[in-house]
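In this note's numbering, the protein residues as written are 512 to 1184.
Cβ atoms here follow ideal geometry from the backbone N, Cα and C, with glycine treated the same way.
Predicted, not measured: the structure shown is a model, and the values here were computed from it.
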């Protein structure tokens, strides 16, 4: 029998594809995009066929036979392979490291038991196929214009849906989806959200609106069996709507006709480990590749997206009023902490507002983006503080668990009974986290139903959704939480938001800090006043505790003036030569000693000519030591994206040839500087 050569991408750090021999004739020739089991060193691994050819340069004695082709699974499309190839080239990673992790884990194991089981289960399930929506509410003029623009768009059409919080962006998405499904019943729609805890509410809305359409969800909290089943439904075209977090952008969707990116500004869309891709940016590229519309929705768009909209590259659709009649934006008020000094982290003005809401039977939200009881404990006698032994960070006090915990390396230790340095038994907590504020609230308002939602209180699977359901049922009077509560949630009875300790972001070394703080404040403020004000009810308000009430950022928040704030930031960025007017990449190095990391980065800086490229001096990272590893970074910049990409490709090839024991990685378009 004749043999052909399978070129296979494997999940390895090697920048190469691997050739394997396979017996085949014209009738049984494998296809690119099929999965294949091959020997690789001492192991058997699953790869993706990227090409089938007749000849190879590999010597016959070194050429190995492929073991099995997964013929029970339809090949991944050429478009999907092109997407993986683009991501690999742009983010300077091997193709296999991009393509294989994008698949469910059960597809990447040598045995096919899980795949066969999922195929059988999917075959038994009757697929509803009635795209007719139910319960379609009447839209206001702005919503209707936006939904029609999205639903009627043809070809590649990037659009920014810019709407104030509570303006009904979700309803616009759903009615646009209804138009696409009505026009093309076999089409698929991808909806991305930034965080897992935002999926249940949106999933419930989609299922209620489209009971005759199969919905698949994709995120990291699913079990491997669930993810396999949902991915397979999308791959086979059975799922008409796919809802997921950033990993869903790499799902196989052969009939994709519309992409929606909700809260597009959210930094959670950027993967921070392994392949450091931006799901938002890949979504825009995928829409361009397939010549389909893509919608980026936000009340506080990223400056990159806003710049594209202002320049005409993206079409801007605006929703300037809230969707519910007589539901107005909350009044944002600044509480000067120099005049109203806080007691237990909360000012008298905010306490009085909380008391008023309790008396009226309305809900309040306190937002503090710092979990734990206190950021650090200290000894007032000798100055000892609870440093982490493995990181340049403090160990956070978790009082209820009687532990100190590092939020970077997860090191835990019992709270010491006395100072390790001088023996003083009077150790004091410094600062406040959500646990400490919760304790104070229970002391001040013993009659109130108080709930804390943060990463500590929602560790168990399903606990976050259960907590949010409790709030939605009106069984909570005061909610305190971190960024988990700041966006996407529609709390009907919430009329007061208190924002604690936002000032630290004003002095961050990260040039994006003010942009993120403004977005965070506007998002959490938008949780208030989302229903019509009733007679006798409180006008919704947001109280921001600050020591810097004259800061321009807070003035923009008071006026809900994103347009002017974004315009001022863009002008500053252009003058300073920062994104979106400049393109960046960050080379990071890790070593047991900081000197070794800096030495490698210096050698990397000087190993290649770089005309048109600015390579800055290497510096320690702001969090220099994590888990006993020292870290440093080197920033590379260029006003031209193609010039930067060409340089990075040559530079990475040179760095891979360098002999070093230093662990290094490259991030293109870094979000943390």
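Straight-line gap, residue i to residue j (C-alpha atoms, nearest Å)
i: residue 515; j: residue 583; result: 20 angstroms
i: residue 810; j: residue 1001; result: 15 angstroms
i: residue 1047; j: residue 747; result: For residue 1047, the predicted structure reports a pLDDT of 48, less than 50, and the residue's modelled location is therefore unreliable. The matter cannot be settled from this model.
i: residue 774; j: residue 808; result: 6 angstroms
i: residue 1045; j: residue 1035; result: Reliability of the predicted coordinates at residue 1045 is poor, the pLDDT of 48 falling under 50, and the value obtained from them is presented with this limitation in mind. So the two alpha carbons sit approximately 22 angstroms from each other.
i: residue 581; j: residue 611; result: 14 angstroms
i: residue 462; j: residue 535; result: Any property of residue 462 remains undetermined from this structure, which presents the chain solely from 512 to 1184.
i: residue 789; j: residue 1137; result: 24 angstroms
i: residue 1050; j: residue 1006; result: 7 angstroms
i: residue 547; j: residue 585; result: 12 angstroms
i: residue 791; j: residue 863; result: 42 angstroms
i: residue 979; j: residue 988; result: 13 angstroms
i: residue 910; j: residue 900; result: 20 angstroms
i: residue 1109; j: residue 1098; result: 11 angstroms
i: residue 647; j: residue 1013; result: 39 angstroms
i: residue 1027; j: residue 893; result: 37 angstroms
i: residue 696; j: residue 1088; result: 47 angstroms
i: residue 860; j: residue 960; result: 20 angstroms
i: residue 694; j: residue 838; result: 34 angstroms
i: residue 902; j: residue 1117; result: 30 angstroms
DSSP three-state assignment for residue i, whether helix, strand or coil
i: residue 741; result: helix
i: residue 683; result: helix
i: residue 1035; result: helix
i: residue 1156; result: helix
i: residue 674; result: strand
i: residue 631; result: helix
i: residue 878; result: strand
i: residue 707; result: helix
i: residue 1120; result: coil
i: residue 1127; result: coil
i: residue 935; result: coil
i: residue 1047; result: Because residue 1047 carries a pLDDT of 48, less than 50, the predicted location of this residue cannot be relied on, and the following value inherits that uncertainty. DSSP places residue 1047 in coil when its eight states are reduced to three.
i: residue 1026; result: helix
i: residue 626; result: helix
i: residue 1062; result: coil
i: residue 691; result: helix
i: residue 780; result: helix
i: residue 825; result: coil
i: residue 761; result: helix
i: residue 529; result: strand
i: residue 662; result: helix
i: residue 1095; result: strand
i: residue 1054; result: strand
i: residue 1089; result: coil
i: residue 492; result: The chain is shown only over 512 to 1184; residue 492 falls outside these bounds and no answer can be derived.
Option in the options with minimal Cα separation from residue i
i: residue 1024; options: 712, 636 and 777; result: 777
i: residue 1130; options: 569, 1146 and 897; result: 1146
i: residue 627; options: 717, 839 and 739; result: 739
i: residue 822; options: 732, 671, 1069 and 1128; result: 671
i: residue 1140; options: 741, 1115, 1100 and 1163; result: 1100
i: residue 545; options: 824, 526 and 618; result: 618
i: residue 591; options: 888, 1013 and 543; result: 543
i: residue 919; options: 910, 898 and 936; result: 898
i: residue 824; options: 834, 805 and 835; result: 805
i: residue 844; options: 905, 955, 686 and 1008; result: 1008
i: residue 540; options: 563, 551 and 555; result: 563
i: residue 766; options: 797, 783, 755 and 1102; result: 797
i: residue 770; options: 709, 1010 and 692; result: 692
i: residue 554; options: 528, 521, 565 and 573; result: 521
i: residue 921; options: 908, 719 and 1182; result: 908
i: residue 871; options: 891, 1004, 938 and 814; result: 1004
Expected contact under 8 angstroms - CB spacing of residue i and residue j to nearest Å
i: residue 967; j: residue 882; result: 5 angstroms
i: residue 684; j: residue 702; result: 7 angstroms
i: residue 744; j: residue 772; result: In fact, because the Cβ distance is near 21 angstroms, the residues do not count as touching under 8 angstroms.
i: residue 742; j: residue 615; result: 5 angstroms
i: residue 965; j: residue 981; result: Contact doesn't hold; Cβ gap of about 15 angstroms is too wide.
i: residue 879; j: residue 991; result: 7 angstroms
i: residue 1055; j: residue 846; result: 7 angstroms
i: residue 726; j: residue 750; result: 6 angstroms
i: residue 1179; j: residue 690; result: Contact doesn't hold; Cβ gap of about 36 angstroms is too wide.
Distance cut-off 6 angstroms: residue i Cβ against heavy atoms of the ligand ZN
i: residue 834; result: Looking at this structure, you won't find the ligand ZN or any other ligand, since it has none at all.
For this session: Could you tell me which uninterrupted alpha helix (DSSP H) segments, each at least 4 residues in length, are contained entirely in the segment 889–920, listed from first to last along the chain?
Result: Assignment of alpha helix (DSSP H) within the segment 889–920, counting only whole runs of 4 or more residues, yields no such run.
For this session: Note down, one range per segment and in chain order, each alpha helix (DSSP H) of at least 4 residues found wholly within the segment 541–614.
Result: DSSP runs (the alpha helix (DSSP H)) wholly in the segment 541–614: 589–601 and 606–610.
Problem set entry | Runs of alpha helix (DSSP H) lying entirely within the segment 950–990, each at least 4 residues, in chain order | Listed in chain order, the complete alpha helix (DSSP H) runs (minimum 4 residues) inside the segment 950–990 are 974–983.
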